[in-house]
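>
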Amino acid sequence: MVVGDVAQVKYGDLLPADGILIQGNDLKIDESSLTGESDHVRKAVDKDPMLLSGTHVMEGSGRMVVTAVGVNSQTGIIFTLLGAGEGEEEEKKEPKKGKQDGNLENNPNKAKKQDEAVAMEMQPLKSAEGGEVEEKEKKKANTPKKEKSVLQGKLTKLAVQIGKAGLVMSAITVIILVLYFVIETFVVQGRVWKTECTPMYVQYFVKFFIIGVTVLVVAVPEGLPLAVTISLAYSVKKMMKDNNLVRHLDACETMGNATAICSDKTGTLTTNRMTVVQAYTGDQHFREVPDPSQINSKTLELIVSAIAINCAYTSKIIAADQEGGLPKQVGNKTECALLGFVLDLKRDYVPVREQIPEEKLYKVYTFNSVRKSMSTVIQLPDGSFRLYSKGASEILLKKCTSILGGGGEARAFRPRDRDDMVKNVIEPMACEGLRTICVAYRDLPASPEPEWENEADIITNLICITVVGIEDPVRPEVPDAIKKCQRAGITVRMVTGDNINTARAIAAKCGIIQPGDDFICLEGKDFNRRIRNEKGEIEQERIDKIWPKLRVLARSSPTDKHTLVKGIIDSTVCEQRQVVAVTGDGTNDGPALKKADVGFAMGIAGTDVAKEASDIILTDDNFSSIVKAVMWGRNVYDSISKFLQFQLTVNVVAVIVAFTGACITQDSPLKAVQMLWVNLIMDTFASLALATEPPTESLLLRKPYGRNNPLISLTMMKNILGHAIYQLVIIFTLLFVGEKIFNIDSGRNAPLHSPPSEHYTIIFNTFVLMQLFNEINARKIHGERNVFDGIFSNPIFCSIVLGTFAVQIVIVQWGGKPFSCSPLNVEQWLWCLFVGVGELLWGQVIATVPTSHLKFLKEAGHGTGRDEIMDEDLAEDEEEIDHAERELRRGQILWFRGLNRIQTQVELPFCLFLICHFSRVSAAAF
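Under this note's numbering, the first residue of the sequence shown is numbered 22, with each subsequent residue one higher.
#1: In terms of residues, what are the limits of the beta strand (DSSP E) holding alanine 602?
#2: Helix, strand or coil for arginine 63, going by three-state DSSP, please let me know.
#3: Taking DSSP's pairing of strands, which residues face glutamate 541 in a bridge?
#4: Give the secondary structure of threonine 681 by DSSP, where H, G and I count as helix, E and B as strand, and everything else as coil.
#5: Alpha carbon to alpha carbon, how far is threonine 177 from glutamine 599? Give it in angstroms, no decimals.
#6: For the candidate residues Ala799, Asn786, Ile399, whose alpha-carbon lies nearest to that of phenylalanine 840?
#7: Quick one: give me the first and last residue of the alpha helix (DSSP H) that aspartate 642 is part of.
#8: Between valine 23 and valine 87, what straight-line distance do the alpha-carbon atoms span, to the nearest angstrom?
#9: Considering just the uninterrupted stretch of the beta strand (DSSP E) at glutamate 558, what are its terminal residues?
#10: Closest to isoleucine 50 by CA distance: which of Leu425, Asp69, Thr76, Ala528 is it?
#11: Restricting to Cα atoms, I'd like to know which of Lys384, Glu448, Arg525 is closest to glutamate 470.
#12: Could you have a look at aspartate 441 and say whether DSSP puts it in helix, strand or coil?
#13: Is the beta carbon of valine 238 sitting closer than 8 Å to the one on methionine 652?
#14: Which of the three DSSP states is assigned to phenylalanine 840 in this structure?
#15: Would aspartate 519 and alanine 461 be called neighbours here (beta carbons separated by less than 8 Å)?
#16: May I have the straight-line CA-CA distance separating alanine 613 from alanine 634, to the nearest angstrom?
#17: Taking 8 Å as the cut-off, does the region 643 to 661 touch the region 669 to 689 (at least 3 CB pairs, one atom from each stretch)?
#18: What is the DSSP secondary structure of histidine 306, counted as helix, strand or coil?
#19: Specify the secondary structure class of phenylalanine 826 as computed by DSSP and reduced to three states.
#20: Measuring straight from C-alpha to C-alpha, what distance separates lysine 724 and glycine 510?
#21: So serine 394 and serine 410 are supposed to be a Cβ contact under 8 Å. How far apart are they, rounded?
#22: With DSSP run on the structure shown, which of helix, strand or coil describes methionine 71?
#23: Mind reading off the beta-carbon distance from lysine 570 to phenylalanine 540? Whole number of angstroms is fine, and I expect it under 8 Å.
#24: What are the start and end residues of the alpha helix (DSSP H) that includes phenylalanine 354?
#25: Alpha carbon to alpha carbon, how far is glycine 428 from asparagine 317?
#26: Does the distance from the CB of isoleucine 784 to the CB of leucine 749 come in under 8 Å?
#27: Which class does valine 90 belong to by DSSP, given the choice of helix, strand or coil?
#28: Mind listing, in chain order, the continuous alpha helix (DSSP H) runs of no fewer than 4 residues lying wholly within the region 734 to 791?
#29: What does serine 396 pair with, by DSSP beta-bridge criteria?
#30: Where does the unbroken beta strand (DSSP E) through glutamine 350 begin, and where does it stop?
#31: Indicate whether the contact test is met: 3 or more Cβ pairs, each with one atom in the region 523 to 531 and one in the region 493 to 501, closer than 8 Å.
#32: Hey, would you say threonine 287 sits closer than 8 Å to aspartate 67, going by beta carbons?
#33: Please report the residue range of the beta strand (DSSP E) in which aspartate 263 lies.
#34: In the DSSP assignment, what residue or residues form a beta bridge with histidine 77?
#35: For the putative contact between valine 257 and valine 325, defined by C-beta atoms under 8 Å, what is the C-beta separation to the nearest angstrom?
#36: Rank Lys337, Ile746, Thr736, Phe763 by C-alpha distance to the C-alpha of isoleucine 677 and give the top, closest one.
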């Protein structure tokens, strides 16, 4: 787009450039992103024609001449000021920056895109102008409160608990080692601390410290954030292939816990390829599109003119790309259906539009969710005016006082006639799932000219021309997708602007409502009447009586959708807080999409505003893509659980072996460098292998986990402890009688600088191989027996297991002193492998033990309870913050960050450096 281009703007657009309006129809713009004023600004050619980039079209349509693009547009100027260059250029622009500052502060969308440098650059400016208090208030107002995602909350809690336990274990290990050494050396043996022996004693203490740090390194689960990130990133990439464009990472995981979906009808549950299949005109109800000869010629011309002129000129029917294919519908699908109806009547709408181009339209009342109709006024050759109107039949018929009869003449249309028509024509059409649209007109005198702004007086006393029934077939894959949702414990609700009968018929075809079920279908006005008290205020108690059974909300406004979503989320009727997903395509759906836990915007039919407010964009506007998002979300949750099951088994075994071994033999059977290799296997590689498992249909056979369900279930705890017992028995057997079994020298109580022993190498090799085979067991977390099911569908998993095994062979056979390994012979390798494979067999034994008999086991990793969430929200809302509590939280964060830092820094080179350095010191001393 360049300066001088003429651009079409319409409802829902985000303006990409500045321009001047040259033709407009009832155009209203939301300029709050620039001015902070929430009121919509009316634009017209003769009054305020300037359109600015970054603003949203909330109503109407028009055309503008582009006057500024890129850095010269209003948004561009703001971003230039934000990222202004250093030195003189910045100084020159400083005064301008002050002028624009009000605009910047009121633009939350832009604020999201600012990087840290920009934020820092703006800080002094804000505090200089508005003071600290004002700045804090604005920040608080502009920053949306985002509740921590379910998985993040559970993982943070669990990680802190494990970290604390690891710190305690490592501290106890160091204390016991030091005390044992001091008592044994200076009390039992009665030695005296001599100055020349100091380097050797220090070397012992450093060795104890390294063992303690190693225990800490293995215990702290720093691989958890990595596993979450890998799983989410992998899922997001794959979800793109399933037509889900994820805008916010945590939405992917939240979707796995969804308990309710509030879906639009048109385009999501239906194909959004609309066609007129029935019509009522000239006192006749045609069950299929009538032949032109069956309609009075005057009525026929009125139908053609009313549809051609009173549909947006951007809506049109284009010939099919391939011979025999269906014509392409461009623009609004309902309008395309009406234009298609004109073509089916052997007439063409194009000549009518050429005769009356868009610039000659006298006045346009564009469609919006309040009017539920569109009207266009044209001036006739004699100077008088004609108004064409189309819209929801039951709404427009109330404004009709006449109707065209069989001979093309207008006759009176009384309320009783209207009731008969609703009963005999509209309801039967609606019950067949058809959307009913009424087309009407009215002639207005030239003098005195009507008061066009007084819409209520203009759109009244209409003459009904025809009522048509538009079919929008249900997508063939939707009923099956909804069945899967219901099986997965997710309630699907339809929220639509359509007639209640049409909505109910489509809901029945989709499977949202079924005969014999206890459900409610309401219209928007009835819904509002039921949820409000005498003062007109919404009461949560009243909503709680309705939403559990509500399945269809028809003739609803975007405000009704927002009220319903908020009511379900805030409800305390159920034990678990409901996790709600919402679909939306219109500009006014923005609040509901924002309020929902996961907002889905339509990629094809959705407006820019809806997409901006959403978390995930459906690139094909298809409901079945939402079901795939649920699958991926649950898969993320399960992947993290698989990783936790594997990692905690390694944690428990490694920490107990290091602690017990150090206390009994004065040395850890697993050396520091070996522990770091194990840590690498169980953190980095395992998170990559287990977090990239593809989802399966079986994920949809269970209910959502919910916010308070533990991350580590009883089955997982049974697996963790069961495999830990097997591994500990094997390790301690090898540690205390391994030299007799293999007829080799014992590695226990070896001198400080003795060479690596076969004994301890067998222990290390057996331990690693048991982890590798247990990684295969960890693929199943619900007690399934076939752990190999679908293993080859994940090439990353297979590659990592085989790759780790290959590296283990290299370390054992050629690692030598750096890895404290002595080469093993074939027989010893076979025994290590045999014990490793035993993990798979032991897994089958564990699977046979009923979880219900293990009442003593505790679940772990519970989510934050409702009360805790409420407390946190209250704390955030209070103006006065408890500084002691804030410092405590800050301290916890710093403490946990410190653990991760220690773990990150205690790497292989550091350990080797310490060992080599103190070896040289002791060699020099003795």
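In this text, a Cβ means the ideal position worked out from N, Cα and C, and glycines have one as well.
Model, not experiment: these values are computed from the prediction.
In brief:
#1: To locate residue 602, count along the sequence shown from 1; it is residue 581. Alanine 602 -> beta strand (DSSP E) spans 601 to 605.
#2: Locating residue 63 in the sequence shown gives position 42, where the first residue counts as 1. Three-state result, arginine 63: strand.
#3: Looking up residue 541 in the sequence shown gives position 520. The amino acid at residue 541 is misidentified as glutamate; the sequence shows isoleucine. In the DSSP output, where bridge partners are listed per residue, isoleucine 541 has Leu571.
#4: Here residue 681 corresponds to residue number 660 of the sequence shown, with the count starting at 1. Three-state result, threonine 681: helix.
#5: Position 578 of the sequence shown, counting from 1, holds the residue named residue 599. Position 156 of the sequence shown, counting from 1, holds the residue named residue 177. About 22 Å.
#6: As a first step, residue 840 is located in the sequence shown; it is residue number 819 there, counting from the start. For the residues Ala799, Asn786, Ile399, the minimum Cα distance to phenylalanine 840 belongs to Asn786.
#7: Reading the sequence shown from its first residue, position 621 is the one you call residue 642. No alpha helix (DSSP H) contains aspartate 642, which DSSP labels as neither H nor E.
#8: Mapped onto the sequence shown, residue 23 falls at position 2. Mapped onto the sequence shown, residue 87 falls at position 66. CA-to-CA, the gap between valine 23 and valine 87 works out to about 7 Å.
#9: Reading the sequence shown from its first residue, position 537 is the one you call residue 558. Run containing glutamate 558: none; DSSP gives neither H nor E here.
#10: In the sequence shown, counting from the first residue as 1, residue 50 sits at position 29. Ranking the options by Cα distance to isoleucine 50, first place goes to Thr76.
#11: Within the sequence shown, numbered from 1, the residue matching residue 470 stands at position 449. For the residues Lys384, Glu448, Arg525, the minimum Cα distance to glutamate 470 belongs to Lys384.
#12: Counted from its first residue, the sequence shown places residue 441 at position 420. Three-state DSSP puts aspartate 441 in a helix.
#13: Position 217 of the sequence shown, counted from the start, is the residue given in the question as residue 238. Position 631 of the sequence shown, counted from the start, is the residue given in the question as residue 652. Not a contact, by the Cβ cut-off of 8 Å.
#14: For the purposes of this step, residue 840 is taken as residue 819 along the sequence shown, with counting starting at 1. It is helical.
#15: Position 498 of the sequence shown holds residue 519. Position 440 of the sequence shown holds residue 461. Cβ distance not < 8 Å, so aspartate 519 and alanine 461 don't count as in contact.
#16: Taking the first residue of the sequence shown as position 1, residue 613 is located at position 592. Taking the first residue of the sequence shown as position 1, residue 634 is located at position 613. If you take the alpha carbons of alanine 613 and alanine 634, they lie about 9 Å apart.
#17: no
#18: Your numbering for residue 306 matches position 285 in the sequence shown. Of the three classes helix, strand and coil, the one that applies to histidine 306 here is strand, per DSSP.
#19: Working through the sequence shown from its first residue, we reach residue 826 at position 805. In the three-state DSSP reduction, phenylalanine 826 falls in the helix class (H, G or I).
#20: Residue numbering aside, residue 724 sits at position 703 when the sequence shown is read from its first letter. Residue numbering aside, residue 510 sits at position 489 when the sequence shown is read from its first letter. Annotation: lysine 724 to glycine 510 spans about 5 Å, alpha carbon to alpha carbon.
#21: Walking along the sequence shown from the start, residue 394 turns up at place 373. Walking along the sequence shown from the start, residue 410 turns up at place 389. Confirmed, about 6 Å.
#22: As a working note, residue 71 is residue 50 in the sequence shown. DSSP places methionine 71 in strand when its eight states are reduced to three.
#23: Counting from one through the sequence shown, the residue named residue 570 turns up at place 549. Counting from one through the sequence shown, the residue named residue 540 turns up at place 519. The Cβ separation is near 6 Å, so the contact holds.
#24: The sequence position of residue 354 within the sequence shown is 333, counting from 1. In the sequence under discussion, the amino acid at residue 354 is lysine, which differs from the phenylalanine named in the question. Unbroken alpha helix (DSSP H) run through lysine 354: 354 to 365.
#25: As a first step, residue 428 must be located in the sequence shown, where it is residue number 407. As a first step, residue 317 must be located in the sequence shown, where it is residue number 296. Rounded to the nearest angstrom, the two C-alpha atoms are 6 Å apart.
#26: Walking along the sequence shown from the start, residue 784 turns up at place 763. Walking along the sequence shown from the start, residue 749 turns up at place 728. The answer is no: Cβ separation not under 8 Å.
#27: Here residue 90 refers to the residue found at position 69 of the sequence shown. Coil, per DSSP.
#28: You should have 735 to 763.
#29: Here residue 396 refers to the residue found at position 375 when the sequence shown is read from its first residue. Looking at the DSSP assignment, serine 396 forms a beta bridge with Tyr386, Ser410.
#30: The residue you call residue 350 lines up with position 329 of the sequence shown. From DSSP, the beta strand (DSSP E) with glutamine 350 extends over 349 to 351.
#31: yes
#32: Within the sequence shown, numbered from 1, the residue matching residue 287 stands at position 266. Within the sequence shown, numbered from 1, the residue matching residue 67 stands at position 46. No, Cβ-Cβ distance for threonine 287 and aspartate 67 is not below 8 Å.
#33: Walking along the sequence shown from the start, residue 263 turns up at place 242. Element bounds for aspartate 263: n/a, residue is neither H nor E.
#34: As a first step, residue 77 must be located in the sequence shown, where it is residue number 56. Histidine 77 pairs with Leu35, Asp51.
#35: Taking the sequence shown and counting its residues from 1, the one referred to as residue 257 is at position 236. Taking the sequence shown and counting its residues from 1, the one referred to as residue 325 is at position 304. About 49 Å; that fails the 8 Å criterion.
#36: Counted from its first residue, the sequence shown places residue 677 at position 656. The shortest Cα separation from isoleucine 677 among Lys337, Ile746, Thr736, Phe763 belongs to Ile746.
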